[in-house]
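Here is the structure we will look at.
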Amino acid sequence: MEIKDQLNQNPEEEKKVTNQDENSATDNTVEKSNSVETQIEAKDKEEIVALITGNDPEPETETVKETEPVNQISEEEKRRIINLITGKFAEEHHELFDDIDIDELNKMELVEVLEEIVEENDITKIKHQVSKIKSAFYKHNKEDIANELNEFLNSGGAEAEFKHTEDPLEQRYNKAIATYRHNKSKYSQDLEKEKVANLEQKYALLEELKELINSEETLKKTYDEFRNLQDRWKEIGMVPATELRNLWQSYHFLVEKFFDKVRINRELRDLDLKKNLEAKVELCEKAEELIVENSIIKSFKKLQYYHEKWREIGPVPSDVKDDIWDRFKGITDKINKRRKEYYKELQDQQEGNYEAKLVLCDKAKAIVNEPVETIKQWQSATDRINELLKVWKTIGRAPKAKNDEVWAVFKESLDTFFGAKREFLNEVKEQQVNNYNLKLDLCSKAEAIKDSSDWSSTTKELIRLQKEWKKIGPVPRKYSDKIWKRFRASCDDFFNRKSEHFKSLHVAEDENLNLKKTLVKEITDYKVVAEKEANLTALKDFQKRWMDIGFVPFKEKDKIQNEYRSAIDDMIEKMDVNKAEISASDFQEKVDILKSSPEADKRISKERSFIRNKISKIQEDLNVWENNIGFFSSSSGSNKLLEEFEQKIKRAKDEIEALKVKLRMLR
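Under our numbering, the first residue of the sequence shown is numbered 887, with each subsequent residue one higher.
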């Protein structure tokens, strides 16, 4: 029954009781209270007090010794657990089950125990234990699913694609739970039928109570019958909630009528009202504690329970009746207001969650609609989709009417995205297989030439193969390292042999450097003679010996070349000969060398092209200088600059003539 209904009915009920008390106080036809006392023995008086207050003496109970905690569950212990749950042992051992830690049972043991106890039709015997087993099983199952998810993620799967596979133990567990729910439903149906039957019995007792009120029997016999009737009333059990209010009002109305009839002495009546007041004050104090209870749902349920107790207690002294009720009702109003505010805040929060989830839906759709063409782009998009999913899980529920709808929209985007990703990866996989075949071909080509000693051409070919390798693209991951190591091994084998080969040449280069240094010193020390031809012969001999020596270390190349050129220039100055003549003579030797070299035509053609380009470049500079020379004015400063330009023009013309001579030699 709703608290609101309880609040509306309680004041009316208390008013009825009070009015009945006032009417009984003015009834002049009933015997005086002191005369009633003379007819009631002390024992009867105690029974009447207990009957009025409902505080029957509690039966003595034996203290059950605590048992040691159960650490290991054997088959025998398992059977004992099942027997304890279903009530097959003596009732005085019922506390033993509390000493057993259900959390210590594994999934198999939990399922076996559950399958046994759900066969018990009395749900009240197993309800608490089934709840514990469900909680323990859910904990185990959650860990199993988490482990399964981790394995799925480690194997390359995406979290959104994960689907849990139900194992046989879960199937047995679900079957047992279905049996329990079926029995629970049947038990509830039987309980409702029993409540209807109980209602009929209680209405029958009300008719008996009416007859008892109208009875002319002695006070002692009337009290005995009233006490028996009340015991029977308590033993009958629950009735339908819809009839509880009317039944309660009728019962208490008749009880009050009975009290009016027999005129229980005022002392007993006052004692009863006082105890009722104390009980209701205690309920008010307990209800006030609910105001600071953190759980709104827990406080609301407790308050409903306190209202049930309030109705059962009975009337209080009329002078405090309104005060105590106002106090209890005020507490109820505060808790109800707090509950309404809580659900209003919850509703606002869920609306905010709904708006936030709509934003995530829009973002997911935007990602789905983005053009994605590469694996890197897909990975980036996947990271963003997974991030949206993580945020979604942290938001919380939307309003019930919209929660499933907004999830369907979001999930549709996820399904579309991952479906497109799968199609793309399938296409990529086909391309990677083709790339794998192409790289296999490159491996074969590299392996075919890796033992070659043609260092130059093989180096160029391997470099070309490496460039092709980079252009091809990725291969399936499981073949990537293997095929790369195969290709790399062929390249490394060749270049290692090449490195060993040229390492031995370094020694020769060092010897060539020493020879060239010696030759430079010999040129420097040469004494020019009077005969021109002898000097030219010596010069050509030096040049030929220089060319015959061979390569020197690369880092020493420029230095020794500059020393050689400087020594030759000094020698030519001492010889007093025309440099153009020497240059032509030298170039003729170069032409003779080119003619006798491999691919002579190609090299001579290349040299002609070089000379033509050089003549063209010098001619361009010469044209500019000759054009600019006309702009110089007549002054001392400009005359000096004019002389420099004229010298440059003369040198350029001489160089062009020398180059033309070389060009004629090549022809």
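C-beta: ideal position from N, C-alpha, C; glycine also.
Taking C-alpha atoms, which residue in the options lies nearest to residue i?
i       : options                               : result
Glu1299 : Leu1274, Lys1288, Glu1316 and Gln1318 : The residue asked about is misnamed: residue 1299 is Ser in this sequence, not Glu. It is Leu1274 whose Cα lies nearest to the Cα of Ser1299.
Asn1036 : Lys1025, His1026, Asn1027 and Phe1048 : Phe1048
Ala1250 : Lys1297, Arg1224 and Lys1288          : Lys1297
Pro1203 : Lys1160, Asp1110, Arg1197 and Trp1196 : Lys1160
Arg1308 : Lys1286, Met1433, Trp1264 and Ala1127 : Trp1264
Leu1328 : Glu1541, Ile1358, Asn1027 and Asn1312 : Ile1358
Asn1180 : Glu1171, Asp1146, Ile1221 and Phe1214 : Ile1221
Lys1226 : Gln1447, Gln1533, Phe1139 and Ile1183 : Ile1183
Leu1399 : Phe1437, Ser1366, Glu1002 and Lys1413 : Phe1437
Glu1168 : Met1551, Ile1217 and Glu1397          : Ile1217
Glu1164 : Leu1092, Ile1199, Leu1176 and Glu1386 : Ile1199
Tyr1109 : Lys1120, Leu1095 and Thr1128          : Leu1095
Ser1017 : Val1414, Val999 and Gln1236           : Val999
Tyr1066 : Glu1001, Glu1052 and Tyr1229          : Glu1001
Val1310 : Ile1261, Glu1333, Ser1338 and Asp1301 : One point to set straight first is that residue 1310 is Phe, not Val, in the sequence displayed. Nearest option by C-alpha distance: Ile1261.
Ser1021 : Ile1435, Asn1084, Asn992 and Lys1368  : Asn992
Asn1027 : Lys1443, Asp989, Asp1076 and Lys1166  : Asp989
Asn1289 : Ile1122, Asp1209 and Gln1236          : Gln1236
Glu1111 : Leu1092, Lys1445, Lys1013 and Trp1355 : Leu1092
Leu1326 : Lys1368, Ser1385 and Glu1313          : Lys1368
Which same chain residues end up closer than 7 Å to residue i when comparing Cβ atoms and leaving out the 5 residues on each side of it in sequence?
i       : result
Ile1253 : Ala1267, Arg1270, Ile1271 and Phe1303
Ile1497 : Leu1545, Lys1548 and Leu1549
Ala1453 : Val1406, Ile1409 and Thr1410
Glu1347 : Ile1335
His1050 : Ile1031 and Glu1034
Arg1431 : Leu1405
Val1125 : Lys1081, Asn1084, Leu1085, Lys1088 and Leu1133
Ala1332 : Leu1348, Leu1351, Phe1373, Ser1376 and Cys1377
Leu1039 : Glu1045
Tyr1412 : Ala1424 and Met1457
Once you ignore the five residues that flank residue i on each side, which residues in its own chain have a CB closer than 6 Å to its CB?
i       : result
Ala1449 : Checking the sequence shown, residue 1449 turns out to be Glu, not Ala. So the list reads Val1406, once near-sequence residues are dropped.
Glu1174 : Ile1217
Asn1321 : Ile1358, Gly1359 and Val1361
According to DSSP, is residue i part of a helix, a strand, or is it coil?
i       : result
Arg1283 : coil
Phe1304 : helix
Asp1411 : coil
Asn1060 : helix
Ala1544 : helix
Met1124 : coil
Asp1507 : helix
Gly1238 : helix
Phe1531 : helix
Thr1051 : coil
Asp1208 : helix
Ser1266 : helix
Ser1299 : helix
Ser1338 : coil
Asn941  : Any reading at Asn941 must be qualified, since the residue scores a pLDDT of 38, below 50, and its modelled position is unreliable; no value is offered.
Gly1043 : coil
Ser1136 : helix
Val1361 : coil
Asn1554 : Because the chain here runs from 887 to 1553, residue 1554 falls outside it and cannot be looked at.
Glu1005 : coil
Thr1260 : coil
Taking the alpha helix (DSSP H) that residue i falls in, what are its first and last residues?
i       : result
Ala1032 : Ile1009 to Asn1040
Leu1189 : Ile1182 to Ile1199
Asp1456 : Phe1440 to Met1461
Arg1350 : Trp1341 to Ile1358
Phe1428 : Lys1418 to Ile1435
Leu991  : Counting along the chain, Leu991 falls outside any alpha helix (DSSP H), and DSSP gives it neither H nor E.
CB-CB under 8 Å to residue i, same chain, minus the five flanking residues each way: which ones, in chain order?
i       : result
Gln1233 : Pro1285
Val1292 : Tyr1240, Lys1243, Leu1244, Cys1247 and Ala1284
Gln1352 : Cys1377
Asp1487 : none
Does the contact criterion of 3 or more C-beta pairs under 8 Å hold for the stretch 1234 to 1250 versus the stretch 1275 to 1284? yes
Cβ contact (3+ pairs, closer than 8 Å) linking the stretch 1127 to 1139 and the stretch 1077 to 1095: yes
With three or more beta-carbon pairs closer than 8 Å as the criterion, would you say the stretch 1054 to 1065 touches the stretch 1098 to 1109? Under the three-pair Cβ rule at 8 Å, the stretch 1054 to 1065 does not count as touching the stretch 1098 to 1109.
Sufficient close CB pairs (3 or more, under 8 Å) joining the stretch 1107 to 1124 to the stretch 1066 to 1076: no
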